[in-house]
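These notes are about the structure you will find just below.
2 protein chains.
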Amino acid sequence: MARAATTSDVFNAVAEPRRREILIFLLDRERPVSDVVEKMRLDQPSVSKHLRVLHDVGLVRVRRNGRHKLYQTRAEGMKPLHEWAAIFERYWGRQLLRVKERAEQMARAGETVTGKR
Amino acid sequence: MARAATTSDVFNAVAEPRRREILIFLLDRERPVSDVVEKMRLDQPSVSKHLRVLHDVGLVRVRRNGRHKLYQTRAEGMKPLHEWAAIFERYWGRQLLRVKERAEQMARAGETVTGKR
DNA sequence: TACATATATTCCTATATAGGAATATATGTC
DNA sequence: GACATATATTCCTATATAGGAATATATGTA
Numbered sequence: 003m004a005r006a007a008t009t010s011d012v013f014n015a016v017a018e019p020r021r022r023e024i025l026i027f028l029l030d031r032e033r034p035v036s037d038v039v040e041k042m043r044l045d046q047p048s049v050s051k052h053l054r055v056l057h058d059v060g061l062v063r064v065r066r067n068g069r070h071k072l073y074q075t076r077a078e079g080m081k082p083l084h085e086w087a088a089i090f091e092r093y094w095g096r097q098l099l100r101v102k103e104r105a106e107q108m109a110r111a112g113e114t115v116t117g118k119r
Numbered sequence: 003m004a005r006a007a008t009t010s011d012v013f014n015a016v017a018e019p020r021r022r023e024i025l026i027f028l029l030d031r032e033r034p035v036s037d038v039v040e041k042m043r044l045d046q047p048s049v050s051k052h053l054r055v056l057h058d059v060g061l062v063r064v065r066r067n068g069r070h071k072l073y074q075t076r077a078e079g080m081k082p083l084h085e086w087a088a089i090f091e092r093y094w095g096r097q098l099l100r101v102k103e104r105a106e107q108m109a110r111a112g113e114t115v116t117g118k119r
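Taken in sequence, the protein lines are chains U and V. The first sequence lines up with residues 3 to 119 when you count with this note's numbering. The second sequence lines up with residues 3 to 119 when you count with this note's numbering.
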């Protein structure tokens with residue numbers, strides 16, 4: 003099996019660095035595709051393709067304004083990713099402490115019980 | 003260009019659903035590969051390969067215990083992902099409000115100015 | 001309608017999987 | 001050392017890109 007499609011979920015969509023940049027760029031206000039092209043220094047078709055992926059997974063919204071299409075990041079779309087990452091938050095301090103404890107324990111054992119290096 | 007390597011960063015590593023499952027399974031304590039195999043219902047080589055990716059990006063730690071290797075999630079490794087997702091947090095409520103406002107505005111315009119439906 | 005501008009889609013290719021199958025490596029025990 | 005157990009690596013294949021090139025579609029304007 004190959005990798006899952008980039009459009010299969012938010013996780014896959016934001017795996018691409020360019021798309022993460024685009025999301026930040028479109029976070030504070032809506033902008034036409036041409037602005038993204040200029041900012042990203044990517045060809046227009048590439049930008050359109052990235053925007054399509056982001057739209058498919060609900061990370062941007064679009065509306066037409068004349069011949070422009072205005073894209074903006076849908077911050078709520080990031081919730082699944084944020085909530086998932088938050089699961090790990092409560093383990094940060096705790097785990098660092100435990101690893102440190104074990105390291106010290108092993109260091110003591112090395113000093114007093116064996117000649118282990 | 004193809005997609006970036008799964009080992010290029012945390013974002014790419016967690017794009018794979020199985021790896022996300024493994025990370026949760028290994029979050030509270032260290033476990034041998036065989037436990038992961040049993041839990042995930044994947045072949046052992048597949049699990050080893052997933053663990054390799056996770057280790058390469060710093061999302062798990064390993065230590066040998068006899069002929070077992072004990073893996074555990076390194077929660078701190080998730081920080082980059084968590085911090086990046088957190089950027090979007092402050093836009094959640096705000097954006098929802100604005101979109102609602104504009105929708106109402108357009109609705110009013112449709113009622114009073116034109117016959118637009 | 002003809003034309004310019006803005007954006008999207010299609011076609012192409014090199015690349016990187018994810019999992020299955022087979023095999024290799026490492027460690028413990030007798 | 002011989003053998004069993006635990007884990008890792010290699011080889012294989014189907015699949016899905018990401019970007020470049022070319023083209024198609026949509027909209028505004030004269």
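C-beta atoms are modelled at their ideal positions from N, C-alpha and C, and glycine is treated no differently. Being a predicted model, the structure only gives us computed values, none of them experimental.
Does the separation of the CB atoms of L83 (chain V) and V62 (chain V) fall below 9 Å? Here residue 83 (chain V) refers to the residue found at position 81 of the second sequence. Here residue 62 (chain V) refers to the residue found at position 60 of the second sequence. Not in contact: L83 (chain V) and V62 (chain V) (Cβ atoms no closer than 9 Å).
Could you tell me the distance, in whole angstroms, from the CA atom of T75 (chain V) to the CA atom of D11 (chain V)? If you number the second sequence from 1, residue 75 (chain V) lands on position 73. If you number the second sequence from 1, residue 11 (chain V) lands on position 9. Computed Cα separation, rounded: 16 Å.
Closer than 9 Å, CB to CB, is R22 (chain U) near chain V or not? Taking the first residue of the first sequence as 1, we reach residue 22 (chain U) at position 20. Chain V, which has a Cβ nearer than 9 Å to the Cβ of R22 (chain U), makes this yes.
Going by DSSP, what residues sit across from N67 (chain U) in a beta bridge? Taking the first residue of the first sequence as position 1, residue 67 (chain U) is located at position 65. DSSP output for N67 (chain U) lists U:H70 as bridge partner(s).
Which value, in whole angstroms, describes the spacing of the CA atoms of G117 (chain V) and P34 (chain U)? For the purposes of this step, residue 117 (chain V) is taken as residue 115 along the second sequence, with counting starting at 1. For the purposes of this step, residue 34 (chain U) is taken as residue 32 along the first sequence, with counting starting at 1. Reliability fails at G117 (chain V), whose pLDDT of 26 lies under 50, so the model's placement of it is uncertain and no value is given.
Just list the residues that DSSP pairs R33 (chain V) with in beta bridges. In the second sequence, residue 33 (chain V) corresponds to position 31, counting from 1. Partner(s): V:Y73.
Taking 9 Å as the threshold (C-beta atoms), are V49 (chain U) and V59 (chain U) in contact? To locate residue 59 (chain U), count along the first sequence from 1; it is residue 57. To locate residue 49 (chain U), count along the first sequence from 1; it is residue 47. Going by C-beta atoms, V59 (chain U) is not nearer than 9 Å to V49 (chain U).
Give the residues of chain U in contact with E32 (chain V), contact being defined as C-beta atoms less than 8 Å apart. As a first step, residue 32 (chain V) must be located in the second sequence, where it is residue number 30. Correct list: empty, because the minimum Cβ distance to chain U is about 10 Å.
Quick one: Cα of R5 (chain U) to Cα of M3 (chain V), how far? Along the first sequence, read from residue 1 onward, the residue named residue 5 (chain U) stands at position 3. Along the second sequence, read from residue 1 onward, the residue named residue 3 (chain V) stands at position 1. Looking at the two C-alpha atoms, the distance is approximately 15 Å.
Strictly below 8 Å CB to CB, what residues from chain V border N14 (chain U)? Mapped onto the first sequence, residue 14 (chain U) falls at position 12. The CB of N14 (chain U) comes closer than 8 Å to the CB of A17 in chain V, given here in chain order.
As assigned by DSSP and simplified to three states, the class of V39 (chain U): Position 37 of the first sequence holds residue 39 (chain U). The three-state secondary structure of V39 (chain U), taken from DSSP, is helix.
Which residues of chain V have a Cβ atom closer than 8 Å to the Cβ of L29 (chain U), listed in chain order? What you label residue 29 (chain U) is simply residue 27 of the first sequence in a count that begins at 1. In chain order: I89, F90 and Y93.
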